[in-house]
Amino acid sequence: MPAPILHLGATVLCSHAGQALPMSPFPRVLVSAQPVVTLASPYAIAGCALTGTPVPPCLTGQFVMGAARVLAGGAPVATLASQSVCVPTGTPMLPLAAQTRVLAT
């Protein structure tokens with residue numbers, strides 16, 4: 002199913018409302034004048050609200066499933082429908098908003 006491609010300005014949160022930002026988006030492919038995010042780019046998470054458990058809050062995240070047919074630099078692009086995981090909690094990241102003009106499957 003087609004889904005919008007994630008880019009540097011997309012809104013992505015950890016499951017505990019921490020802001021996630023890609024550490025190395027792919028600069029040679031742009032959508033909405035911003036670099037796309039591939040599965041090769043880890044995310045840094047700031048402001049994770051997980052407290053009161055022995056597990057530390059989310060620090061980084063990584064998309065593990067992306068587009069099957071659209072690649073940037075040889076790596077699949079991340080989409081709004083992509084699956085991800087946060088470290089060390091193991092919870093998913095939540096892509097909430099991205100550009101809507103370019104879709105990938």
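Position one of the sequence shown corresponds to residue 2 (the working numbering), numbered consecutively onward.
A virtual CB, placed ideally from N, CA and C, is assigned to each residue, including glycine.
With DSSP as the reference, please indicate the residues paired to residue i in a beta bridge.
i     : result
Ala8  : Strictly speaking, residue 8 in this sequence is His, with Ala absent from that position. Bridge partners of His8: Val37.
Pro77 : Leu72
Leu14 : Gln20, Leu95
Leu31 : Pro36
Ala45 : Leu22, Thr61
Would residue i pass as a contact of residue j if the rule is Cβ separation under 8 Å?
i      : j     : result
Leu128 : Met94 : With the chain represented from 2 up to 106, any question about residue 128 goes unanswered, as that position is not in the structure.
Val56  : Pro23 : no
Leu97  : Ala4  : no
Val71  : Pro77 : yes
Leu31  : Ala99 : no
Ser42  : Pro28 : no
Gly74  : Gln35 : no
Helix, strand or coil: which one does DSSP assign to residue i?
i      : result
Val65  : strand
Gln84  : strand
Leu104 : strand
Strictly under 8 Å for the Cβ-Cβ distance: is residue i near chain C by that measure?
i     : result
Thr92 : No chain C appears in the structure shown, which is made up of a single protein chain.
Measure how close the beta-carbons of residue i and residue j come, nearest whole angstrom, since I'm counting them as under 8 Å.
i     : j     : result
Thr92 : Ser16 : 4 Å
Gly67 : Ala79 : 5 Å
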